[in-house]
Structure formats: C-alpha cells, structure tokens
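Numbering (UniProt numbering), first residue to last: 1 to 333.
Shown next, in structure tokens, is the structure this report addresses.
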C-alpha cells in the first residue's frame, strides 16, 4: 500500500513533468490533475494556439494510460465517437467495432465544433461511464476521463454546449495568453523540438521513466487518499453557503449578485466543490481542507454552471467576475 507522502510526491512530479512542456499555464496543469484525482472531467476554453491540446496530450503521455483524440467537426457522427456494428461476411454476423471513446484518457478537441446530437453521445459516456450501441450498453475502461477543449462561444462556427453537459465537467478552466517571459521560453522549447524533430522534447520529457513512476495503482491509491482528507463542519457550511448564494443572491443586498445571476448552480456543484477542495488540499500536502482550498478551486468549479442575466451580459460581466464577488460576499461562518 502506497503511503500518502509517496502518492503526493508522484503527483507533484506529474505536475512538474507537464509544466516542463506546457509553459506558463501552471493553473491548467494543476486543474487537470485535480480533475483526475476526483474522477471527473475537465473543460479547457481558450483561443486557438494557447496550448490546450498540447496540455492534454502531454498529461496523457505522462500518465501511461490508453489515450485517444476525437477531433470534433460539423460533420462528425455519434458513431464516429462510440463505434459501430460492422457486418462480418465470413461469420455472417454483426461485430461491434469500438470507437475512440473506449480509452482511459479521451481528448475531445474543439468539442463545440459539432452539433448537439454528437455532443449528446459524449454526455452518456461522461455521466454513466457507459455507452449504448444498437440497444446494448457497453462499459468504458476504468479509469476514464474526458479532457475537452473548446474555443470561446463568440468564435464563428461553434455550437454552445447544453447546460446538462456543462454541468458534467467538474471544472472549466480558461487558458489565457502566456506572459512575455513565458512566451520567450515557449519559443526556446519549440526551437529545441524543431532541432530534434525525430526525438521531440515533449516525448523525451513526458515519458521520462513513465512506466516506473506512475501507474493505475498509483492513481487509485491517490484517489483513495483524497477521499480521506478531513473536512470540518465549518468548511462544509462554507461550501454550502457559496452554492446557496448563487440561488438566493438577494440575501446579499450590498452586492449586485441579484442583478447578475439568472439561475444558480445545482447540488452537483456542491459535490464538485467538495471533491476538488479535497484534491487541492492533497496536492498542497495537507490532510485537511482549508478555506484557501475552497477559494482556489471555486472559480473553476462554479463559473461554467452559472447562468447570467441579460443585464449582466449587456454590462460585460462574466461568470468569473460573479464568482469573485461571491467569494468576497460570503463569509466563513
């Protein structure tokens, strides 16, 4: 049985390995690992060229798990994701050919480039860990994690994800432009990769002793350790107060929350906030959740679950701003 210290060391090393190849996006890397520890799925949103796909591919390389990539396009069909029945002439019967969803780590690239019927095919897999083909339910491999990327909704040719699917992502992380210093490091990294195109820096670093220092056993042990992280009654109350504030914003008349929030978040948000706070505490080397853990993950857990009012949208208020205001207004009891 692995000790918690060893598990923490392995996960810290995983984060370091990814950050070595995805420069200037440390919050993205940490969020992906938090989602991995909770058994949830994560959505990365950002403009093209901000290393969303690279981040996911690098993480998959480090994890040493089965990996597949689904490039979402307007003409993609549900069967392109789930698989299909193929007639075998020799045997005279239909045989199921699994689709790319049958992998432990699935990159759903530019998920909002495909219409709703295709997105719905992914929803069942994310929600249930199964898919249904020709009336037959098939289980997906475990562990199973979807890491989706999308371009901002205002980009031409995108389809907004339905609320039910957004709620299935334990976290949504915005991938911003890197700082000027980070961009210089990016140029140098890619230059080195270009000079070693047959043996890229990404592969050299990401697979460094990969089979030895990370395994499914390591992941499962870390997930069990996260479940044992202590959460006090005061933290439980703080979690619930934050969530309830999205449903009853009028309880905070000194703020504009009531004018900004159209629909609050569901109990699924409370569960996600609890799980992510415990995972954040674990990565911080503690066996208990602090208020800082809750505040660190709240923007990523709550923002994509909020529905804003017309007034908020017209004023240019986004969900991240609303969550920041929630954290300012809701006290720790």
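Positions of the beta carbon are idealized from the N, C-alpha and C atoms, including for glycine.
**Request:** Enumerate in chain order the residues of its own chain whose CB-to-CB distance from residue 247 is below 7 Å, with the five nearest sequence positions on each side excluded.
**Result:** On the chain shown, position 247 is the one that residue 247 refers to. Result list for residue 247: 264, in chain order.
**Message:** Let me confirm a value: residue 21 is counted as buried when at least 16 other C-beta atoms fall within 10 Å, else exposed. Which label applies?
**Reply:** Residue mapping note: residue 21 aligns to position 21 of the chain shown, counting from 1. Burial call: buried.
**Request:** Could you tell me whether the Cβ atoms of residue 107 and residue 50 are closer together than 8 Å?
**Result:** As a first step, residue 107 is located in the chain shown; it is residue number 107 there, counting from the start. As a first step, residue 50 is located in the chain shown; it is residue number 50 there, counting from the start. Taking 8 Å as the Cβ cut-off, residue 107 and residue 50 do not qualify as a contacting pair.
**Item:** beta strand (DSSP E) runs wholly inside the stretch 186-272, at least 3 long, in chain order
**Value:** 261-263
**Prompt:** So, residue 308 versus residue 322, is the Cβ gap smaller than 8 Å?
**Reply:** Translated into the one-based positions of the chain shown, residue 308 becomes position 308. Translated into the one-based positions of the chain shown, residue 322 becomes position 322. Yes; because the gap between Cβ atoms is below 8 Å, this pair is in contact.
**Strand pairing of residue 133, partner residues [DSSP]** = For the purposes of this step, residue 133 is taken as residue 133 along the chain shown, with counting starting at 1. Its beta-bridge partners are 136.
**Asked** Along the chain, where does the alpha helix (DSSP H) that runs through residue 163 open and close?
**Response** Mapped onto the chain shown, residue 163 falls at position 163. Per DSSP, residue 163 belongs to the alpha helix (DSSP H) from 163-166.
**Message:** Taking the alpha helix (DSSP H) that residue 67 belongs to, which residues open and close that run?
**Reply:** What you label residue 67 is simply residue 67 of the chain shown in a count that begins at 1. Premise fails: residue 67 lies in the beta strand (DSSP E), 67-71, not in any alpha helix (DSSP H).
**Item:** Whole-Å CB distance - residue 81 paired with residue 70, under 8 Å assumed
**Value:** Against the chain shown, residue 81 aligns to sequence position 81. Against the chain shown, residue 70 aligns to sequence position 70. Between residue 70 and residue 81 the Cβ distance is about 6 Å, and since that is below 8 Å, they are a contact.
**Distance, residue 175 Cα to residue 189 Cα** = Here residue 189 is taken as the residue at index 189 of the chain shown, counted from 1. Here residue 175 is taken as the residue at index 175 of the chain shown, counted from 1. Rounded to the nearest angstrom, the two C-alpha atoms are 19 Å apart.
**Message:** Let me make sure I understand the geometry here. Which of 67, 311, 301 has the alpha-carbon closest to that of residue 146?
**Reply:** Numbered from 1 along the chain shown, position 146 holds the residue referred to as residue 146. With distances taken between Cα atoms, residue 146 lies closest to 67.
**Asked** Does the distance from the CB of residue 111 to the CB of residue 161 come in under 8 Å?
**Response** The residue given as residue 111 occupies position 111 in the chain shown. The residue given as residue 161 occupies position 161 in the chain shown. Yes, the pair counts as a contact, with Cβ atoms nearer than the cut-off.
**Item:** residue 6 versus residue 220 - alpha carbon distance
**Value:** Position 6 of the chain shown, counted from the start, is the residue given in the question as residue 6. Position 220 of the chain shown, counted from the start, is the residue given in the question as residue 220. Cα-Cα distance, rounded: 13 Å.
**Message:** Am I right that residue 169 and residue 114 are in contact with their C-beta atoms under 8 Å? What's the rounded C-beta distance?
**Reply:** To locate residue 169, count along the chain shown from 1; it is residue 169. To locate residue 114, count along the chain shown from 1; it is residue 114. Not really, about 16 Å apart at Cβ, beyond 8 Å.
**Asked** Relative to the C-alpha of residue 157, which residue among 284, 291, 143, 74 is closest?
**Response** As a position in the chain shown, residue 157 is number 157, starting the count at 1. Closest option to residue 157, Cα to Cα, is 74.
**Request:** Whole angstroms is fine: what's the gap from residue 329's alpha carbon to residue 96's?
**Result:** On the chain shown, position 329 is the one that residue 329 refers to. On the chain shown, position 96 is the one that residue 96 refers to. Near 54 Å, if we compare the C-alpha coordinates of residue 96 and residue 329.
**Request:** Could you spell out the range, first to last residue, of the beta strand (DSSP E) harbouring residue 95?
**Result:** Here residue 95 is taken as the residue at index 95 of the chain shown, counted from 1. Unbroken beta strand (DSSP E) run through residue 95: 93-98.
**Proximity below 8 Å, CB of residue 37 to CB of residue 214** = For the purposes of this step, residue 37 is taken as residue 37 along the chain shown, with counting starting at 1. For the purposes of this step, residue 214 is taken as residue 214 along the chain shown, with counting starting at 1. No. Outside cutoff.
**Item:** Which residues DSSP lists as bridging residue 274, in chain order
**Value:** As a working note, residue 274 is residue 274 in the chain shown. In DSSP, residue 274 forms no bridge with anything.
**Prompt:** Assuming residue 18 and residue 9 make a contact with CB atoms under 8 Å, what is their CB distance in whole Å?
**Reply:** Here residue 18 is taken as the residue at index 18 of the chain shown, counted from 1. Here residue 9 is taken as the residue at index 9 of the chain shown, counted from 1. Residue 18 to residue 9, Cβ: 15 Å. No contact.
**Prompt:** Is there contact here, the stretch 266-275 with the stretch 242-258, by at least three beta-carbon pairs under 8 Å?
**Reply:** yes
**Item:** residue 43 and residue 105 closer than 8 Å at C-beta
**Value:** For this step, residue 43 is matched to residue 43 along the chain shown. For this step, residue 105 is matched to residue 105 along the chain shown. The answer is no: Cβ separation not under 8 Å.
**Request:** Tell me whether residue 329 sits in a helix, a strand or coil according to DSSP, three-state version.
**Result:** Start at 1 with the first residue of the chain shown, and residue 329 comes out as number 329. Correct three-state label for residue 329: helix.
**Request:** Decide if residue 238 is buried, meaning its Cβ has at least 16 other Cβ atoms within 10 Å, or exposed.
**Result:** For the purposes of this step, residue 238 is identified with residue 238 of the chain shown, where counting begins at 1. Residue 238 comes out buried.
**Message:** Tell me the rounded alpha-carbon separation between residue 135 and residue 39.
**Reply:** Position 135 of the chain shown holds residue 135. Position 39 of the chain shown holds residue 39. Between residue 135 and residue 39, the C-alpha separation is close to 27 Å.
**Prompt:** From which residue to which residue does the alpha helix (DSSP H) around residue 81 run?
**Reply:** As a position in the chain shown, residue 81 is number 81, starting the count at 1. Its alpha helix (DSSP H) spans residues 78-82.
**Item:** Host beta strand (DSSP E) of residue 109 (start-end)
**Value:** By 1-based counting over the chain shown, the position of residue 109 is 109. Where residue 109 is concerned, the enclosing beta strand (DSSP E) stretches over 105-109.
**Asked** Which partner residues does residue 41 have in the DSSP bridge list?
**Response** Working through the chain shown from its first residue, we reach residue 41 at position 41. DSSP output for residue 41 lists 169 as bridge partner(s).
**Supposed contact pair residue 31 and residue 173 - C-beta distance, whole angstroms, cut 8 Å** = Within the chain shown, the letter at position 173 stands for residue 173. Within the chain shown, the letter at position 31 stands for residue 31. Right, their Cβ atoms sit about 5 Å apart.
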